[in-house]
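Novice:
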Amino acid sequence: MKSASSSALILSACAAVSLAAPPPKPFTPPGGLGTNGSLPVYKPLSDFDTQSLVSCDTNYQWLNAVTNGYAHFSVQMVVHQEFIKLDLFHHGLAQFSAQEFEAAGLTADDRFLIEHMADQEVGHAKAISDMLGPNAFSPCTYQYNFTTLEDHTARRVWDVWFLGAPQFAGCGADFVSIESRQQMALRHFEGLFLMPEWFEPEITQSMQWTPLAPYIKSCPVGREIFFAWELPGKQVGWNNSDVTNTTAGEPKFVAWISQLNTTYTPLTNVSGQSGQTIQPSGNISGKDTAAIVNSTMLVAITDANITVAPSNTTALNAHIVAGPACYVAG
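The numbering of the sequence shown is my numbering, which starts it at 1 and goes up by one.
1. May I have a chain-ordered list of the alpha helix (DSSP H) segments no shorter than 4 residues that lie completely inside the segment 203-278?
2. Residue range of the alpha helix (DSSP H) that residue 103 falls in?
3. Alpha carbon to alpha carbon, what distance is there between residue 100 and residue 270?
4. So, with DSSP's three-state summary, where would you put residue 301?
5. Do the segment 249-262 and the segment 287-304 make contact, defined as three or more Cβ pairs closer than 8 Å?
6. What's the C-alpha gap between residue 323 and residue 211?
7. Residue 108 and residue 86: beta carbons closer than 7 Å?
8. Per the DSSP calculation, residue 25 is bridged to which residue(s)?
9. Is the distance from the Cβ of residue 207 to the Cβ of residue 194 below 7 Å?
10. Please say whether residue 261 and residue 284 have beta carbons closer to each other than 7 Å?
11. Decide if residue 235 is buried, meaning its Cβ has at least 16 other Cβ atoms within 10 Å, or exposed.
12. Under three-state DSSP, which class holds residue 292?
13. What are the boundary residues of the beta strand (DSSP E) that residue 323 is part of?
14. Residue 106: which of 189, 219, 321, 282 sits nearest, CA to CA?
15. Taking just the CA atoms, how far does residue 89 sit from residue 110?
16. Going straight from the alpha carbon of residue 290 to that of residue 28, what length do you get?
17. Cβ of residue 278 within 7 Å of Cβ of residue 265?
18. Based on DSSP bridge pairs, tell me the residues matched to residue 141.
19. Taking the C-alpha atoms as reference points, what is the distance between residue 75 and residue 22?
20. Under the three-state reduction of DSSP, which class applies to residue 191: helix, strand or coil?
21. According to DSSP, is residue 72 part of a helix, a strand, or is it coil?
22. Once you ignore the five residues that flank residue 120 on each side, which residues in its own chain have a CB closer than 7 Å to its CB?
23. Leaving out five residues before and five after residue 306 in sequence, what residues of the same chain have Cβ atoms less than 8 Å from its Cβ?
24. State the DSSP-derived secondary structure class of residue 308, mapped to helix, strand or coil.
25. Just to confirm, is the Cβ distance from residue 227 to residue 272 under 7 Å?
26. Just mark residue 116 as buried or exposed, buried being the case when its beta carbon has 16 or more other beta carbons within 10 Å.
27. If you reduce the DSSP assignment to three classes, tell me which class residue 20 lands in.
28. Would you decide whether residue 66 is buried or exposed? Buried here means 16 or more other CB atoms lie within 10 Å of its CB.
29. How should residue 181 be labelled, buried or exposed, when 16 other C-beta atoms within 10 angstroms of its C-beta is the threshold for buried?
30. Can you give the Cα-Cα distance for residue 163 and residue 102, rounded to whole angstroms?
31. So what's residue 177 in DSSP terms, helix, strand or just coil?
32. Using a 10 Å radius around the Cβ and a threshold of 16 neighbouring Cβ atoms, would you call residue 222 buried or exposed?
Structure, rendered in structure tokens:
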């Protein structure tokens, strides 16, 4: 039996082609990404990366003392995508019996493959979460509109995850290539030709988010929120005739003015004119009532957590360090 052998590494398959510049490193033609000797950086480096990967852009709320602020939110599209696929693989294995799989022509080996693909999604979600660091989030509760095993394994449920992959291939090519293999396995389950396409279309982030969003039912609200505010004494108004002022003491709490309640959370890690807190959970009147934090509300930095009702919210004025500002969630 003749053994296979290989020659030394080849810089170019075409010996007659001359390089425009010296190779930056051995066996590496000049140009391309990651060839200049610099160390790789595994984190978002642009707004495009951030919008693809991260939610809430660190959730920074800029509070102008006694003036309006703003909040900006984006979506963790890629992480949601990985968590949904992980959940959907497990959901199908839990919802349908071994007999139903067998009746559909899917054996124990096929079920093992589905479980293996779920394990792959664990690794993908972990990789993206590591890129995001403290901005990563936990899985949400997801919902699906299929009732039969055939719908669960149908490629139409899955194809959206693979469209648009080139949009973030630079930061996720390692797992996108694996998921293209998953798609072929799912097509095989349906008895379809594995790869009829010559090319995969590239779609925008918003196009990919549109079919993804309906699968997200609810998310945990224990999100860390960062605040920054200005000192009083700023001239405001159309002719700078007003000056911001406060009679409050040191900043200690965040007041969430929403619906019937004013809810307080401790302001921690206060440094100068910045601090952080955890977005409150709970409902306005107990179980099965509206969430305290939902839609648009007002938040303010206060020096005390005094009890107020809709009829005496003015009592807060003396305790506001900065704000209120608009806050949007849900």
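Cβ coordinates follow ideal geometry from the N, Cα and C atoms, glycine included.
In this text, all values refer to a predicted model and were calculated from it rather than measured experimentally.
Specialist: Considering the structure as presented:
1. Within the segment 203-278, the complete alpha helix (DSSP H) runs of at least 4 residues are 205-212.
2. 98-103 is the span of the alpha helix (DSSP H), which, as asked, contains residue 103.
3. Answer to the nearest angstrom: the Cα atoms are 57 Å apart.
4. Strand.
5. Touching, yes.
6. Put simply, the backbone Cα of residue 323 is about 37 Å away from that of residue 211.
7. Result no, Cβ atoms of residue 108 and residue 86 do not sit closer than 7 Å.
8. For residue 25, which the question treats as bridged, DSSP gives the partners 28.
9. Their beta carbons are not under 7 Å apart, which means residue 207 does not touch residue 194 by this criterion.
10. For residue 284 and residue 261, yes; Cβs fall inside 7 Å.
11. Exposed is the label assigned to residue 235, since fewer than 16 other Cβ atoms lie within 10 Å of its Cβ.
12. Residue 292 falls in the coil class under three-state DSSP.
13. Counting along the chain, the beta strand (DSSP E) containing residue 323 begins and ends at 320-329.
14. Nearest of 189, 219, 321, 282 to residue 106, Cα basis: 189.
15. In a straight line, the C-alpha of residue 110 is about 12 Å away from that of residue 89.
16. Distance between the alpha carbons of residue 290 and residue 28 is about 59 Å.
17. Yes, the pair counts as a contact, with Cβ atoms nearer than the cut-off.
18. The partner list for residue 141 (beta bridge, DSSP) reads 218.
19. Low local confidence applies: a pLDDT of 35 at residue 75 is under 50, so the model's placement there is unreliable, with the coordinate-based value given in what follows. A direct Cα-Cα distance of roughly 43 Å separates residue 75 from residue 22.
20. Residue state, collapsed to three classes: coil.
21. At residue 72 the pLDDT is 26, less than 50, meaning the model places this residue with poor confidence; the figure from the coordinates comes in the next sentence. In the structure shown, the three-state DSSP call for residue 72 is coil.
22. Same-chain partners within the cutoff: 178.
23. Annotation for residue 306: 315, 316, 319 place their beta carbon closer than 8 Å to its own, counting only its chain and skipping 5 residues before and after.
24. Coil, per DSSP.
25. Remark: C-beta atoms of residue 227 and residue 272 do not approach each other more closely than 7 Å.
26. So residue 116 counts as exposed.
27. Residue 20 falls in the coil class under three-state DSSP.
28. Below a pLDDT of 50, predicted positions are generally treated as unreliable, and residue 66, at 30, falls in that range; no measurement from the model is reported.
29. Residue 181 counts as exposed, since fewer than 16 other C-beta atoms from the protein chains shown sit within 10 angstroms of its C-beta.
30. Legend: pLDDT at residue 163 = 49, less than 50; position of this residue unreliable, value from coordinates given subsequently. Going by the C-alpha atoms only, they are around 30 Å apart.
31. In the structure shown, residue 177 sits in a helix (DSSP, three-state: H, G or I).
32. By the Cβ-count criterion, residue 222 is exposed, with fewer than 16 other Cβ atoms from all chains shown falling within 10 Å of its own Cβ.
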